[in-house]
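With my numbering as the guide, the letters of the sequence shown map in order to residues 85 to 238.
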Amino acid sequence: MADKIEKQEELVRCPLCNSYIRAAEGFTCPRCRKGPFCRKHRITGRRECVSCVFEQKHKEILELRQAEKGLKDFLKLLQFIFLLFAVFFITMRLGLMDFVEFLKDSVVTDYLAYFAVIPVAGYLLFFIILYNQRSRIKEIEGEMHTMEQKRMSL
């Protein structure tokens with residue numbers, strides 16, 4: 085009789101799926117302090133529960149998307165600067181710089197090629213950064229999708 089009571093006390097209920105597990109088999113998430121969870125609510129290689137990992141990945145994606153928006157705005161600024169120097173270049177080639185006062189004997193006209201290369205190089209650099217950021221977002225979304233599939237299959 086005492087043996088049955090001891091075995092009943094060992095069983096606990098998983099708060100997410102309401103299945104009974106042995107207390108020794110369950111784990112408590114160190115982040116949210118909830119538990120004991122069954123093994124299908126633990127991510128392999130992580131100490132946190134599925135909910136905490138999803139929350140963490142979601143925050144990471146939001147931060148990356150905010151940074152992506154800032155990068156896109158900066159790329160638009162670089163495009164504008166490049167177009168401005170392209171207009172100056174066309175003005176010089178057409179011989180209209182005599183009619184535009186600030187282009188006469190200006191540093192802009194003397195070093196126009198150098199000034200135009202700076203936005204192009206910056207655009208390429210920040211485009212590569214943006215591309216890497218997008219691939220990181222896709223990678224995290226793929227990880228989240230894989231975790232969700234594994235959780236549903238158990």
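For every residue, glycine included, the Cβ atom is placed at its ideal position computed from N, Cα and C.
query	result
My parser needs the beta strand (DSSP E) runs of 3 or more residues fully inside the region 103-161; what are they?	104-106
Runs of 4 residues minimum, wholly inside the region 167-235: which ones carry the alpha helix (DSSP H) assignment?	191-194
Using only the alpha-carbon positions, how far apart do V184 and L146 sit?	47 Å
I need the boundaries of the beta strand (DSSP E) containing L100, first residue and last residue.	Element bounds for L100: n/a, residue is neither H nor E.
Would I174 be called buried (16 or more neighbouring beta carbons within 10 Å of its own) or exposed?	exposed
Under 8 Å by Cβ, that's how I've got C136 and F121 pegged, so tell me the actual separation to the nearest angstrom.	Contact flag wrong, Cβ pair sits at about 10 Å.
Is it buried or exposed, C239, if we count other Cβ atoms within 10 angstroms and call 16 or more buried?	Lying outside 85 to 238, the shown extent of the chain, residue 239 is not represented and no answer is given.
The ligand COA heavy atoms versus the CB of K118: any closer than 6 Å?	Inclusion of the ligand COA in the displayed structure is not the case, the ligand content being empty and no account of it being possible.
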